[in-house]
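**Q**
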Amino acid sequence: MNKICLTILGLALVILGGCSGGEETGLEDKSLGLSSHDPTVSKEEAESADIKFYSSMTVFDFESSDEVTLTHNGNEFPGTYTLEDTDLNIEVEDGDSSLKILFTDFEGTPDEYYSYTGTVAAEESELSDQDSTQLTLAHQNFESFMTYIFLEEN
């Protein structure tokens, strides 16, 4: 009887230990292309527009519950991310340089053309080294207080 109880307790600990490997965000294994959102476009125009995911756009590849890769102009920048409530905080690196981007109001959308929206928070986004040419180019892609749409790769 003791062996059965110990076996069950051991299995429970193994299962619980395996489940605590990082909180899921819902973004795992998703590739999201970034596009600017034009609030002047009517719903009818948006429905007739050819809004698609293109590999040439700035892309975030969410590899796990905390790892992300930013791809911009063919350059890949590995990094980490956190999603807390509606704040998506991304930090990518290129050697000694890093780029932090905070998207506020990041949320899923029922829209059939894109999956998520988010707004860049200027006061929280920063580039640690202006001499990193590739990260500087990527940083220039993110306009402060701009709302972006995230298109999911199908």
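Each residue of the sequence shown is one higher than the one before, starting from 1 at the first, in the UniProt record's numbering. Think of the CB as a built atom: it goes at the ideal place given N, C-alpha and C, for glycine as much as any other residue. All values derive from a computational prediction rather than experimental measurement.
1. Grab the span of the beta strand (DSSP E) containing T82 for me, first residue to last.
2. Cα-Cα, which of E112, E76, E107 is closest to V92?
3. From the DSSP output, which residues share a beta bridge with G26?
4. For T58, which of helix, strand or coil comes out of DSSP?
5. Between S144 and Y114, what straight-line distance do the alpha-carbon atoms span, to the nearest angstrom?
6. Among L151, E153, L102, E107, which one has its Cα closest to the Cα of H139?
7. May I ask you to list the residues that DSSP assigns as paired with G33?
**A** Quick look at the numbers:
1. Within the sequence shown, residue 82 is the residue found at index 82, counting from 1. It spans 75-84 - the beta strand (DSSP E) in which T82 sits, taken as one unbroken run.
2. Taking the first residue of the sequence shown as position 1, residue 92 is located at position 92. It is E76 whose Cα lies nearest to the Cα of V92.
3. In the sequence shown, the residue the question calls residue 26 occupies position 26. G26 is not bridged to any residue.
4. Mapped onto the sequence shown, residue 58 falls at position 58. Per DSSP, reduced to three states, the secondary structure at T58 is coil, with no helix or strand assignment.
5. Mapped onto the sequence shown, residue 144 falls at position 144. Mapped onto the sequence shown, residue 114 falls at position 114. Each residue's alpha carbon lies about 21 Å from the other.
6. Here residue 139 refers to the residue found at position 139 when the sequence shown is read from its first residue. For H139, the closest of L151, E153, L102, E107 by C-alpha to C-alpha distance is L102.
7. In the sequence shown, counting from the first residue as 1, residue 33 sits at position 33. Answer is V59, L151.
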